[in-house]
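Numbering (this note's numbering), first residue to last: -16 to 312.
Even glycine gets a Cβ: it sits at the ideal position worked out from N, Cα and C.
In what follows, a structure is listed as structure tokens, so that the remarks can point back to it.
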Amino acid sequence: MTIKTKFTEAFGVEHPIAQGGMQWVGRAELVAAVANSGALGFITALTQPTPADLANEIARTRDLTDKPFGVNLTILPSINPPPYDEYRRVIVDSGVKIVETAGSNPAPHLPMFHDNGIKVLHKCTSVRHGVKAQSLGVDGISIDGFECAGHPGEDDIPGLVLIPAAAAQIEIPMIASGGFADARGLVAALALGADGINMGSRFMCTVESCIHQNVKEAIVAGKETDTELIFRSLHNTARVASNVVSREVVEILKGGGQFEDVKDLVAGVRGRRVYDDGDVDAGIWSVGTAMGLINDIPTVGDLVARIVSDAEEIITGRLAGMVAQGVSA
Ligand SMILES: Cc1cc2nc3c(=O)[nH]c(=O)nc-3n(C[C@H](O)[C@H](O)[C@H](O)COP(=O)(O)O)c2cc1C
């Protein structure tokens, strides 16, 4: 048995599960493993220092899988913006057919992607942005709740309300994101009106994810309460692991500090040391509240197979049984 939805149909994948873009984490090995499991993985374009490196990373992924995969293009406010047009050109020239956009309005990218037969899954954190993206003609929405790792937006609406509120207005395929880690989450998302789920933190903590083992073990040990929301006062909130650095950033900004005052603490090179050297207190690293639901470090193939088969069991067993009992009572 498989679970077929508008999302699996539209994006040509076997399972209604995606692995969203993850800075420093979304690389060939992980994305190919996700593709081989029948789910949809995204290479994170900006993890690659140059557009040419992105072309290499796409080629490397192709060597590892013949299944579909995509590229995430995240557009966030930045002091020195990367050459987005060149990254976009590489995506088109590579022949990749699915892009996940995130961070801002996808309008400037749509004509070129659509002219080249590329489907766009736009990730956003509010119903109004989802509705706007739908009106612009994107092919799918990934609606990211307050639980998520990375940028949850400023509205603070968790998935339990955000997903059905979005489903009421989104007609194109829509997946739910933020706080999903297992089959219960998948079934809940489907019940709330989504056509599948997107997971970051859960895929980060798998065998094929190329980050230091210490980080994976910290995620297994961590609870749902072990994250911090940084940059709140700057209206650019990010959910990251709670550690000495993120707690200091929160304190400085709470005390009236500005970006300049925390710039060195949040520098990307410090975050890289976390993933490369395994020093989980070296800098800022993203993880979501789903950490409280992550208790192991499986292969991607085992994880996806487990989520799908457990979901089928919940739907046809536990839930169907409740309906039957209700009828006979
Ligand atoms: C380490 C890490 C890095 C991330 N980097 C990005 C990114 O560069 N662009 C993006 O659109 N989302 C990014 N995200 C968010 C994920 O794509 C996804 O939306 C989010 O993790 C979903 O929440 P979850 O972690 O609760 O599953 C990142 C998430 C993690 C865990």
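Opening and closing residue of the beta strand (DSSP E) in which residue i lies
i, result
"Glu211", "210 to 213"
"Gly24", "23 to 27"
"Arg222", "221 to 224"
Closest by C-alpha distance to residue i, when choosing among the options
i, options, result
"Val73", "Ser184, Val14, Ile26, Ala273", "Ile26"
"Glu130", "Asp76, Val223, Asn88", "Val223"
"Gly9", "Leu286, Thr57, Gln152", "Thr57"
"Ser87", "Asn55, Asn99, Asp285, Met95", "Asn55"
"Pro156", "Val114, Gly128, Met182", "Val114"
"Lys80", "Asn63, Asp98, Ala303, Ser109", "Asp98"
"Gly238", "His195, Ala85, Phe214, Leu47", "Phe214"
"Ala201", "Ser118, Lys246, Cys188, Thr84", "Cys188"
"Thr192", "Pro281, Gly176, Cys107", "A small correction: the amino acid at residue 192 is Ser; Thr does not occupy that position in the sequence shown. For Ser192, the nearest C-alpha among the options comes from Pro281."
Cβ separation of residue i and residue j, assumed to be a contact under 8 angstroms, to the nearest whole Å
i, j, result
"Ala159", "Gly133", "Not really, about 15 angstroms apart at Cβ, beyond 8 angstroms."
"Gly179", "Ala16", "Contact flag wrong, Cβ pair sits at about 18 angstroms."
"Val228", "Asp264", "7 angstroms"
"Gly162", "Thr272", "6 angstroms"
"Ile290", "Ile41", "About 26 angstroms separates the two Cβ atoms, so there is no contact after all."
"Val110", "Thr84", "Not confirmed; about 17 angstroms, so no contact."
"Leu145", "Ile124", "At roughly 11 angstroms, the Cβ-Cβ gap does not stay under 8 angstroms, so Leu145 and Ile124 are not in contact."
For residue i, the first and last residue of its enclosing alpha helix (DSSP H)
i, result
"Gln196", "196 to 204"
"Glu234", "227 to 237"
"Phe(-6)", "-11 to -6"
"Thr189", "That residue, Thr189, is in no alpha helix (DSSP H); it is neither H nor E in DSSP."
"Ala1", "Looking at the DSSP string, Ala1 is not in any alpha helix (DSSP H); the run it does join, the beta strand (DSSP E), is 0 to 2."
"Ile41", "34 to 47"
Secondary structure of residue i, DSSP reduced to three states
i, result
"Ala312", "The pLDDT assigned to Ala312 is 47, lower than 50, so where the model puts this residue is not dependable, and the model offers no usable value."
"Ile74", "helix"
"Arg10", "coil"
"Ile277", "coil"
9 angstroms Cβ cutoff, residue i in contact with chain D
i, result
"Ile290", "Any reference to chain D falls outside this structure, which holds one protein chain only."
Ordered list of alpha helix (DSSP H) runs contained in the segment 103 to 169, each at least 4 residues: 110 to 119, 142 to 150
In chain order, each alpha helix (DSSP H) run of at least 4 residues that lies wholly inside the segment 50 to 99: Segments of the alpha helix (DSSP H) lying fully in the segment 50 to 99: 67 to 77, 93 to 98.
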